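Trainee: Quick one: the structure is below, and I'll ask about it shortly.
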Amino acid sequence: MLKYIFGNATAEKVLLHVYHYGSVHSAAIAEDYKTSVTPITNQLERFEKANILVSKAVGRARLFSFNLKSPFVKPIRELLKITYESIPLKERETIFKTRRRPRQKGKPVIYGI
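In the numbering used here, the protein residues as written are 1 to 113.
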């Protein structure tokens, strides 16, 4: 659904990954979707130029997360929440199966359960 709003499927994938994980690097998104890193990196950089995402260097990687100072982030996150919750649980488990950091004790595996 978001690919029609943002213009392409890569934008939807990038935003859903940032929504789910909080912060993410381009190689992780590319690995999850079994695609090339270049279009993912280009889309992340477009969102950064639009002030939707911010990045920070962690070693040799750049981690991207939402720019909480941007007035556009809150409505975009609301759209992402609707889209995320409309994805069937089995599909979410497949897309977001890779752990990016340790889970807190008692925290659910998938949000929205």
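Every residue gets a Cβ at the ideal spot worked out from N, C-alpha and C, and that includes glycine. Please read all numbers here as calculations on a predicted model, not as lab measurements.
Quick one: which unbroken beta strand (DSSP E) runs of 3-plus residues sit fully inside the stretch 2-81? Chain order, please.
Mentor: Complete beta strand (DSSP E) runs here, min 3: 53-58 and 61-66.
Trainee: Suppose you measure from the CA of V121 to the CA of N67; what does that come to, to the nearest Å?
Mentor: This structure gives no information on residue 121, because the portion of the chain shown stretches from 1 to 113.
Trainee: Inspect the beta-carbon positions of L44 and V14 and report whether they are closer than 8 Å.
Mentor: Contact flag set, yes.
Trainee: By alpha-carbon positions, which one of I82, S65 and A61 ends up nearest to N51?
Mentor: Comparing Cα positions, the closest option is S65.
Trainee: May I have the straight-line CA-CA distance separating R60 from A27, to the nearest angstrom?
Mentor: Using only the alpha carbons, I get a separation of about 12 Å.
Trainee: What's the C-alpha gap between S86 and L80?
Mentor: Roughly 10 Å separates the two Cα atoms.
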